[in-house]
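*Asks:* All residue numbers for the first sequence refer to the numbering used here, where the first residue is 3 and numbers rise by one. In this text, a Cβ means the ideal position worked out from N, Cα and C, and glycines have one as well. Sending over a structure as structure tokens; questions will come in a sec.
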Amino acid sequence: MASFDDSKKPVAFDKSMVNNVKKNQSVVSLDAEQTQAIRNLDGPMLILASAGTGKTRTLMAKVAALLDNSVPTNEIMLVTFTNKASNEMKFRLIAMGYDIHGMWIGTFHNICNRILRENYSKISGLNSRYTIIMPDDCRKLIKLIIKGMEPEDTELKPDDAFEIISFARNAMQYDPAHKFLDNIEYSITDVIEQKFPKHQKYIKLIQKIHRKYHIMKLGNNVIDFDDMLVYALYIISTDEAVRQKYERQFEYILVDEYQDTNNVQAALIRRLRKNNTNITAVGDEAQAIYEWRAATPGHIIGFPYAFEETKIVNLTTNYRSTPQIINAAIASINHNIIRVEEKQMNATLDDGELPTVSLHRNIYDELEYIANQIYTHIQNGTTPNKIAVLARTLQMSRVGIHHVLGRQLLSYGIQYVVFGGKDLFDTKHIRDFIAFLELIYNPMNMIAWERFLGILPGIGPKSARTTILHLQNEPEKSITEIKLKGAKAKASIELLNNVLTEARTRAQQPDVSMMDFLEPFLELYTLSSLAKDDDFIVRVNELEETIQELNDMPIDEFLHEVQLKGKSKANKANVPDDHVIISTIHQAKGLEWDVVHIAGCNENILPHYRSIMEENVVAEPVEHENKDESEIMISNNPIEEERRLFYVAITRAKKVLKLTMSESTPQGDPLFPSRFLLEIYDVDPGAFKLDSDDF
DNA sequence: GGTCCACGTCTTTTT
DNA sequence: GACGTGGACC
Ligand SMILES: Nc1ncnc2c1ncn2[C@@H]1O[C@H](COP(=O)(O)OP(=O)(O)OP(=O)(O)O)[C@@H](O)[C@H]1O
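Structure below.
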């Protein structure tokens, strides 16, 4: 059975580092407030505290305390927000000397995917070979569905439809009294009315698209990311025996970053905690930055209503940042009108230098300045992996900042890692290879067929469709019998058939590994027109490197679960000492560095222009009556979410914080300083040092 | 009728 | 970088 214990998997961490550590029960020292969290191990608890006050540390200590009290590992579920965070947790627990084998540590998606895998037969239409489709293919499917509909409907963009459908499914208030698909359709209506009013006229259409999309996924024996959550909730809500099994299995459930849970995730937790109330939630509503993805900080605010007699633990001492950095953070976040209370963060570190702001001509100059600063810091003895450059987006004014900055850093001889951006497993060449694996392991997946057939010479969209129709209608018939136009197409199909037959035989053998399929894949892939691209070799090398990393993992396991863990490199618990970090602010959540640069502190970048536009579109917050269902909305103002993002960025810094902004885009359009800077200047002109001759 | 190829357009944040 | 489009080519 697949296990979440990554100790046997290659991608999670380097186990050799912890072999010599002896079990030490008091590795984590806690202050008086933090100790409250482990004094009560049972019952509902909410740890609600600001940035850098030790929430993650306390959560870790609580898990350790449970283990010290002989709670079996398989009775603990620890939910983290990212795979990086779960790898970090595992790493630290093992480093403390604990055997965590059997513990369920993972993201909601990981955990739901596992519940689904153990109960997939409850979803009629799925068979055991079902695999995961990535967002790229989801969009393709939706595009196909829209194309197949009435021409008058074509104004709706597939990406918009997908965004709305995904949001609606994550925001669904699932009521088992109604049919599953009806629940989602209600949600689509609600979501469009409240959040996407521009698409009001498409409500019926999007519901129809969703229904088709749902049926097509099942027909192809695939699930998307949202299905993991939504199906797990469906199973737990409609099968009381299964629900009870999991409720009994998990004596303790702990959830980190609770402010960013969505309705489906919160409902799942509530249903798993009906009789057993051992639930610990940890978070900070001021760090809610995923409302755009249907997360609702109302769940953390409403937690004490959802769970009676919740013990609330407040942590008020900041152990991370200098008083100067904390001052800037508070001066910013207090501009959010909709918030629970004044932030409390009492500094413990000694005074440090004032955070700086500097103005540059454009983003290229900003990055040049940052690269130079980083070089100086390293010259002065700072370890590279204690330095990070954060940005709202990796793509600014059509400049890939990780590429530009990366080049500059390398010219100083500094290496770097990138957090954020497109998932490696969602890039074209890797998806092409995965599609090939799907033809072997999940041949019902016509999305994979469509993708792969299109790569072959002589085969375009039409021949691919024809082939797929034959596969669906006459699955027993060999693909070589299909009549296609052109000798090229025929030859391609002939070759594909031979390669696949051989590959399927290889797949039956017990010692098979992913690398065995690289050569057959390349035999076909090098024939495609892609092989003429300049970077084809680079792509193939990256593919080979990726396969090498994944090679120890059973292929079906990869297709079933692991590809959702994405970017194996960037998820490693530890960044090598000699690498600096380039990251989106979203990916920086929960992390900390001595030196933090924030690039692009401009209006339209941070806050992002889409949020500025949306601000005027979104409906008023809704107050629901049944508070025990935790539906209190505290904010859906996109600008406030951007401000929280800015706050998260600032509070990542321990000692040095440097912000940069530009006068204009490289194209010459003027840019203005971020309102988040100006408003701090209004209340506290001394919060930042202006570090530029140009002021 | 269908595929190939060069060129122009647009690019938030993520499990 | 990935996708759509229009015109050349098989
Ligand atoms: N009692 C303590 N004594 C010393 N250092 C501590 C203590 N508690 C926390 N720290 C340190 O403070 C820093 C922040 O802790 P942690 O990451 O757990 O905070 P957090 O509340 O999860 O922050 P955020 O919400 O910003 O992610 C870490 O470096 C941690 O080691």
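(1) Check each residue's C-beta against every heavy atom of ligand 1 and list, in chain order, those closer than 5 Å.
(2) If I follow the unbroken beta strand (DSSP E) through residue 418, where does it start and stop?
(3) Starting from residue 360, trace the beta strand (DSSP E) both ways and give me its first and last residue.
(4) On the CB-based measure, 16 or more other CB atoms within 10 Å of its CB, does residue 63 come out buried or exposed?
(5) In whole angstroms, what is the alpha-carbon distance linking residue 536 and residue 582?
(6) What does DSSP give as the partner residue(s) for residue 225 in the beta ladder?
(7) Can you tell me whether residue 428 is helix, strand or coil according to DSSP?
(8) Can you name, in chain order, every residue of its own chain whose Cβ lies under 6 Å from the Cβ of residue 456, other than the five neighbours on each side?
(9) What is the DSSP secondary structure of residue 281, counted as helix, strand or coil?
(10) Is it right to say residue 53 is buried, meaning 16 or more other beta carbons lie within 10 angstroms of its own, or is it exposed?
(11) From which residue to which residue does the alpha helix (DSSP H) around residue 586 run?
(12) Assign residue 414 to one of two classes, buried (16 or more other C-beta atoms within 10 Å of its C-beta) or exposed (fewer than that).
(13) Consult DSSP for residue 445 and reduce its assignment to one of helix, strand or coil.
(14) So, using beta-carbon positions, are residue 379 and residue 389 closer together than 8 Å?
(15) Among residues of its own chain, excluding the 5 on either side of residue 634, which ones have a beta-carbon nearer than 6 Å to its beta-carbon?
(16) Mind reading off the beta-carbon distance from residue 393 to residue 592? Whole number of angstroms is fine, and I expect it under 8 Å.
(17) Go to residue 662, then tell me how far its beta strand (DSSP E) extends in each direction, as first and last residue.
(18) Buried or exposed for residue 584, going by 16 or more other Cβ atoms inside 10 Å?
(19) Out of curiosity, what's the CA-to-CA distance linking residue 109 and residue 231?
(20) Going by beta carbon distance, what residues of the same chain come within less than 6 Å of residue 660, once the five residues before and after it are set aside?
(21) Compute the Euclidean distance between the alpha carbons of residue 578 and residue 134, then round it to the nearest angstrom.
(22) If you follow the beta strand (DSSP E) that residue 316 is part of, which residue opens it and which one closes it?
(23) What is the residue span of the alpha helix (DSSP H) that residue 396 lies within?
(24) What is the DSSP secondary structure of residue 48, counted as helix, strand or coil?
(25) In the DSSP assignment, what are the bridge partners of residue 675?
(26) For the alpha helix (DSSP H) containing residue 274, list its first residue and its last residue.
(27) Just to confirm my understanding: we take residue 114, look at its own chain, exclude 5 residues before and 5 after, and list those with CB closer than 6 Å. What are they?
(28) Hey, would you say residue 484 sits closer than 8 Å to residue 469, going by beta carbons?
(29) Quick one: Cα of residue 259 to Cα of residue 49, how far?
(30) Starting from residue 80 and walking both ways along the beta strand (DSSP E), at which residues does that stretch end?
(31) What did DSSP end up calling residue 599 once you bin it into helix, strand or coil?
(32) Out of 244, 538, 112 and 542, which one is the CA nearest neighbour of residue 521?
(33) So, using beta-carbon positions, are residue 80 and residue 47 closer together than 8 Å?
(34) Taking the beta carbon of residue 26 as the centre, do at least 16 other beta carbons fall within 10 Å, making it buried, or is it exposed?
(35) Could you tell me which of 221, 194 and 217 sits nearest to residue 208, measuring between CA atoms?
(36) Residue 638 by DSSP, collapsed to three states: which one?
*Replies:* Checking against the coordinates, here is how it stands:
(1) The set, ordered by position in the chain, is 33, 53, 54, 55, 56, 57, 58, 59, 321, 322 and 592.
(2) Per DSSP, the continuous beta strand (DSSP E) segment holding residue 418 begins and ends at 417 to 421.
(3) Unbroken beta strand (DSSP E) run through residue 360: 358 to 362.
(4) Buried, since its Cβ has 16 or more Cβ neighbours within 10 Å.
(5) For residue 536 and residue 582, the distance between alpha carbons rounds to 29 Å.
(6) Paired residue(s): 134.
(7) It is helical.
(8) Listed in chain order, the non-local C-beta contacts of residue 456 below 6 Å within the same chain comprise 466, local neighbours out to five positions each way being set aside.
(9) Judged by DSSP in its simplified three-state form, residue 281 adopts strand.
(10) By the neighbour-count criterion, in which 16 or more other beta carbons inside 10 Å mark a residue as buried, residue 53 falls on the buried side.
(11) Note, residue 586: premise wrong, no alpha helix (DSSP H); beta strand (DSSP E) at 581 to 586.
(12) Exposed, since its Cβ has fewer than 16 Cβ neighbours within 10 Å.
(13) Per DSSP, reduced to three states, the secondary structure at residue 445 is coil, with no helix or strand assignment.
(14) If you check the CB distance, residue 379 and residue 389 come in under 8 Å.
(15) Only weak support exists for where residue 634 lies, its pLDDT of 42 falling under 50; the value from the coordinates is given anyway. Here the set comprises 300, 303 and 304.
(16) At roughly 17 Å, the Cβ-Cβ gap does not stay under 8 Å, so residue 393 and residue 592 are not in contact.
(17) Residues 655 to 664.
(18) It is buried - the Cβ of residue 584 has at least 16 other Cβ atoms within 10 Å.
(19) Each residue's alpha carbon lies about 11 Å from the other.
(20) So the qualifying residues of the chain are 358 and 599.
(21) Their Cα atoms are separated by approximately 31 Å.
(22) 313 to 317 is the extent of the beta strand (DSSP E) around residue 316.
(23) For residue 396, no alpha helix (DSSP H) segment is defined, and its DSSP state is neither H nor E.
(24) Residue 48 sits in a strand when the DSSP states are folded into three classes.
(25) Residue pairing from DSSP places residue 675 in a beta bridge opposite 604.
(26) 265 to 274 is the extent of the alpha helix (DSSP H) around residue 274.
(27) So the list reads 230, 231 and 234, once near-sequence residues are dropped.
(28) Yes, the pair counts as a contact, with Cβ atoms nearer than the cut-off.
(29) Each residue's Cα considered, the two are about 10 Å apart.
(30) Membership of residue 80 in the beta strand (DSSP E) is indicated by the continuous run 78 to 82.
(31) Looking at residue 599 - three-state DSSP - the assignment turns out to be strand.
(32) Checked all of 244, 538, 112 and 542; the closest Cα to residue 521 is 542.
(33) No; because the gap between Cβ atoms is not below 8 Å, this pair is not in contact.
(34) Residue placement at residue 26 cannot be trusted, given a pLDDT of 43 that sits under 50; what the coordinates show is reported in the next sentence. Residue 26 comes out exposed.
(35) The option with the nearest alpha carbon to residue 208 is 194.
(36) The DSSP-derived three-state label of residue 638 is coil.
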